[in-house]
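Below you'll find the structure, written out as C-alpha cells, and then a few comments.
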Amino acid sequence: MTSSKAPTIIIGAGFSGLFTALHLNNQGYPHPIILIEKSDRFCFKPLLYDYMSGEMQSYQITPLYIELLHDRDISFIKGTVISIDLETSRVCLEDGRTQEYGNLVVAAGSVPAFFAEGAAEHAFTFHSKADVDALKHHIMTQCRKAAQEPSPEVRRSLLTVAIVGGGPVGVELALTLGDVLPQWYESAVSVAANETASSLTRELREIRIVLLNRSDILNGDVNKSLRDTAMAAMASRTVSPELMLGASVRAVRSNSVEFTRNSSSECLTAGTIVWTAGTSVHPLVRALPVPKHERSKRGHLLVKPTLQLLSYPNVFAAGDCAVIESDEEPLPATAQVAYQQGEAIAQTLMVKAKQKDPLPSYTVGLRGTIMKLGMGTAVANIFDRYEVVGTVGQAIRQVMYLGLMPTPIYNARTILGWIKDDIFEAHAGERYDIDYTAGYEIEELIILGTALTLSATAVSRAEIGIISDQLESVALRRALAGATSRYPNNSIIRALFGHRRKRDFFLRTASSNTLDGALKKALTKIQQSISILAERTPPEEVCDYKEFVYYCCDCVARAAGTTPVDKQLISAEEEAVLATIKTALGLSRDYPDLPKQLRDRALSGHR
Ligand SMILES: Cc1cc2nc3c(=O)[nH]c(=O)nc-3n(C[C@H](O)[C@H](O)[C@H](O)COP(=O)(O)OP(=O)(O)OC[C@H]3O[C@@H](n4cnc5c(N)ncnc54)[C@H](O)[C@@H]3O)c2cc1C
3 MTSSKAPTII IGAGFSGLFT ALHLNNQGYP HPIILIEKSD RFCFKPLLYD YMSGEMQSYQ
63 ITPLYIELLH DRDISFIKGT VISIDLETSR VCLEDGRTQE YGNLVVAAGS VPAFFAEGAA
123 EHAFTFHSKA DVDALKHHIM TQCRKAAQEP SPEVRRSLLT VAIVGGGPVG VELALTLGDV
183 LPQWYESAVS VAANETASSL TRELREIRIV LLNRSDILNG DVNKSLRDTA MAAMASRTVS
243 PELMLGASVR AVRSNSVEFT RNSSSECLTA GTIVWTAGTS VHPLVRALPV PKHERSKRGH
303 LLVKPTLQLL SYPNVFAAGD CAVIESDEEP LPATAQVAYQ QGEAIAQTLM VKAKQKDPLP
363 SYTVGLRGTI MKLGMGTAVA NIFDRYEVVG TVGQAIRQVM YLGLMPTPIY NARTILGWIK
423 DDIFEAHAGE RYDIDYTAGY EIEELIILGT ALTLSATAVS RAEIGIISDQ LESVALRRAL
483 AGATSRYPNN SIIRALFGHR RKRDFFLRTA SSNTLDGALK KALTKIQQSI SILAERTPPE
543 EVCDYKEFVY YCCDCVARAA GTTPVDKQLI SAEEEAVLAT IKTALGLSRD YPDLPKQLRD
603 RALSGHR
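Given below as C-alpha cells:
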C-alpha cells in the first residue's frame, strides 16, 4: 500500500520524462516530483548531427540538468533504475536505494537494436553525445592515418565509413558526413603536409560513405515522403553518400561488414562502421512483469489513451517506451511525440491530483517532419503539404528544435508555438484547402514564417548560448540591451551590436548558410514581411501574424536602438532596415501597448 504522500517518480529525463516534470512543476503540482536520470545532462538527440559537424556546441545540445532544473520544485536523483516493483510501487536504483511512488512515469527511452553478429562490439552507435565524441574521434584518427598513408588502397579503406541502417538517423548522418568528412580530411592532409614539409596531394574521392539498408531508404518511416528530397541532397553533398540497398547485414567485423545482396554474400571493407539500424525496447521495460497481451508486438508497454498502463492506473509510460493500445498504427518514436506525451501526462496527473474524473485522453498532433540534409541545409515537411528545403528549411528546423529545448526561454518556445499554431495549425482543419485568397499567397506566408523563424533564432541563440534563466519574453529587450558585454562570446550579438569592425568581420565571415547569418537574414525578411503587411489589409484570422512580426521586430529593433555600443556606427544598410522597422512599429510603443492577447501570451509564455 502506498502512502498518499508518496511522490510521483519519473524514470528518465529525456523528452517525455523531463517535460512531464517541467509541465507538472509549471502547473503547481501538489505532490513531490522526483526525476531519476542516469546522466548529468539532457541530450537533444535530433541535434547530434549538428554537434558532430561543429554547427552547434555541446553546451547547446546537452545542457546540465542542474541548470535546467534550477529553481524548480523537482528533486533530481542522478542514478540508474534497475527494477520496478509494480505490486509494491517501488523503484530500485543501481546503488541500492529504493523509492516508493504514488504515481510512476516510465520514460526511459529505447536502446539500439543489434541484429547482426559482432555489431555491438565493432560498430559505433549514434545515440548520445558520448557516441558522437567517440565516432568523431575515430574518424578523425582515420583521416590522420590516411593523410600519411602512401598506399591508395589502404587510404581508401581508412576513409570508408559504412553506415548500417537507412532510416532517418542513417540518412541524416550520411548526409552530414558527406559535407563534414571532406573538411576533416582536408585539414588532416594540410597538417600532415606541414609536418612532413612535403606537398601531399590527396583526393576527396578516396572518401566513401556507404549507406547499407535492407530495403529502400526511409522505408516505413514517418519521413518516407522525404525520400526523393534526401536522394537529391545526397547527390549534392561534397562527397555523395553511396547507397547499397537490398543489403541484409549478417555480421560486423572490426573493419568490415558482411552482407547478403541478391542472394550472394558480399563484404565491404571500412575503417569506420556505424550502426543505426533501429531501436529496441528498453531492458527495464522488457523486464517488467507485464503480460504479452499488454505489450505491443515489439514489446513496448501498451497504454490507454490517457497513457496509463492497462492494469496499473498509477503507472504511466510515454515516448519510446509506450504504444497506445487503441492506435492502429503506433505513433512514430520521435521527440515530438515524446514531448507531447510528457505534457499530456502532466495534465492527467494534475486532474488526478484534483481527484477529478474522468481522466482526459490525448491525441498527439503530428505537425510534419524535419530532416537535416547536410551542413546548413535541411528540409521541413509541413503537414505533408509543403516542403521547405535549404537554408530556410534549416532555419525552421533550428527553431522547431530550439522550441523544444527545455530551457526557460519562453520566447523561443512561445514563438515556436505561434509559428506552428498560428501560421500553420490554424489551417490544420483545412489542411488541403488553405484559402490563399484570404489575403496571403503561400510565398508570403513563408516569408512571414521565415521572418519569425529567423528573428526568433537570432534572439534565442543569445540565450541558448548560455542556457540561462534570465530570459522571458518580456525581459528580451533588457537582456539584449547591453548585450555585447553580457554575452561577449556570442557571435550573433557581436555581429549586430559589437564594435563596427568586429561586426563587419562577423557579418562578412558569417556565410549565409550558417546560423550566425540568421540575424542579418532576419532583418531582411522582417523588412519583406513589413512591406507585405503594409500593402495588404490583413484578414482577421492572420491579424496575429502581423502583431507577432511586429513584436519580433520590436525585440530586434529595440535591442539595436538601445544598445550602448557605437550605435552611430551602424551601417547605412542596417540603419535603413532598422528605420523601416522602427517606423512600422512607432517606437513610442511599449510592451503595455501591445494587444492584450499578445501581451498575455508573452507574459505567460503559454498559449
Ligand atoms: C541520433 C538521433 C536523432 C534523432 N532525431 C530525431 C528527430 O530529428 N526528430 C524526432 O522527433 N526524433 C528524433 N529522434 C528520436 C527521439 O530522440 C526519441 O524518439 C526521443 O528522444 C524519445 O524520447 P523519450 O523520452 O522516450 O526517451 P529519451 O529522450 O531517449 O530519454 C530517455 C532518458 O532516460 C534515461 N534513462 C535510460 N535508462 C535509464 C535508467 N535505467 N535509469 C535512469 N534513467 C534512464 C536516459 O539517460 C535518457 O535521458 C532521434 C534519435 C536519435 C538517436
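First residue of the sequence shown: 3, per the working numbering; consecutive thereafter. The C-beta atom is built at its ideal place from N, Cα and C for all residues, glycine as well.
Item, Value
"Within 7 Å: the Cβ of His129 and any heavy atom of ligand 1?", "yes"
"Could you tell me the distance, in whole angstroms, from the CA atom of Arg263 to the CA atom of Glu188?", "34 Å"
"Just how far apart, CA to CA, sit Ser153 and Thr162?", "14 Å"
"Excluding sequence positions up to five away, which residues of its chain have a Cβ less than 7 Å from the Cβ of Leu270?", "Ala164, Val212, Ser258 and Val259"
"If you draw a straight line from the C-alpha of Ala125 to the C-alpha of Thr143, how long is it?", "16 Å"
"Comparing alpha-carbon positions, which option in Val292, Val276 and Gln396 lies nearest Leu214?", "Val276"
"As an exercise, report each continuous beta strand (DSSP E) stretch of at least 3 residues that is fully enclosed by the stretch 308-385, in chain order.", "317-319, 324-326, 370-376 and 379-384"
"What residues in its chain sit with their C-beta under 6 Å from that of Ile468, if we drop five residues either side in the sequence?", "A caution first: Ile468 carries a pLDDT of 24, below 50, which makes its placement in the model unreliable, though a value can still be read off. Excluding positions up to five away in sequence, the list is empty."
"Taking the straight line between their C-alpha atoms, what separation do you get for Glu244 and Thr365?", "39 Å"
"If you draw a straight line from the C-alpha of Ile79 to the C-alpha of Ala234, how long is it?", "46 Å"
"Give a single yes or no on whether Ser60 has its beta carbon closer than 7 Å to a heavy atom of ligand 1.", "no"
"Leu137 to Leu179, Cα distance in whole Å?", "11 Å"
"With burial defined as no fewer than 16 other Cβ atoms inside 10 Å of the residue's Cβ, what is the status of Phe44: buried or exposed?", "buried"
"When you measure from the CB of Leu286 to every non-hydrogen atom of ligand 1, does any distance come out below 7 Å?", "yes"
"Does the stretch 368-379 come within contact of the stretch 51-63, defined as at least 3 CB pairs closer than 8 Å?", "yes"
"Can you name the residues that DSSP bridges to Ile79?", "Ile38"
"Using the three-state DSSP reduction, which class does Leu175 fall into: helix, strand or coil?", "helix"
"Can you tell which of Asp329, Pro307, Leu311 and Asn105 has the C-alpha that lies nearest to the C-alpha of Pro291?", "Leu311"
"Pull up the distance between the alpha-carbon of Ala346 and that of Cys145, whole angstroms please.", "47 Å"
"First and last residue of the beta strand (DSSP E) that includes Val259?", "Ser258 to Arg263"
"Can you name the start and end residues of the alpha helix (DSSP H) that Thr231 belongs to?", "Arg229 to Ala237"
"Alpha carbon to alpha carbon, what distance is there between Thr127 and Ala118?", "14 Å"
"Output needed for Gln349: all residues of its chain with C-beta closer than 7 Å, excluding positions within five of it in sequence on either side, in chain order.", "Pro362"
"Should Arg207 go down as buried or exposed, given a rule of 16 or more other Cβ atoms within 10 Å for buried?", "exposed"
"Between the stretch 241-256 and the stretch 104-113, are three or more C-beta pairs nearer than 8 Å?", "no"
"Could you check what DSSP says for Gly167 in three-state terms: helix, strand or coil?", "coil"
"Should Ser41 be listed as close to ligand 1, given that the test is whether its C-beta is under 7 Å from any heavy atom?", "yes"
"Tell me which residues share the same chain as Ala324 and place their Cβ nearer than 7 Å to its Cβ, disregarding the 5 neighbours each side in the sequence.", "His302, Leu303, Val305 and Leu309"
"Candidates Glu102, Tyr314 and Pro114: which alpha carbon is nearest Glu7's?", "The residue you asked about is not Glu; residue 7 is Lys in the sequence shown. For Lys7, the nearest C-alpha among the options comes from Glu102."
"Distance, Cα to Cα, Val251 vs Ser227?", "25 Å"
"Nearest to Thr371 by CA position, among Gly19, Ile84 and Thr231, is which residue?", "Thr231"
"Does at least one heavy atom of ligand 1 sit under 7 Å from the Cβ of Tyr220?", "For the record, residue 220 in the displayed sequence is Leu; it is not Tyr. Every heavy atom of ligand 1 is 7 Å or more from the Cβ of Leu220, so no."
"For Tyr51, I'd like the list of residues in its chain whose CB is within less than 7 Å of its CB, leaving aside the five on either flank, ordered along the chain.", "Glu174, Leu175, Thr178 and Lys374"
"Could you give the distance in angstroms between the alpha-carbon of Ala110 and the alpha-carbon of Ala340?", "11 Å"
"How big is the Cα-Cα spacing for Arg210 and Gly14?", "37 Å"
"With 16 as the cutoff for other CB atoms within 10 Å, does Ile141 come out buried or exposed?", "buried"
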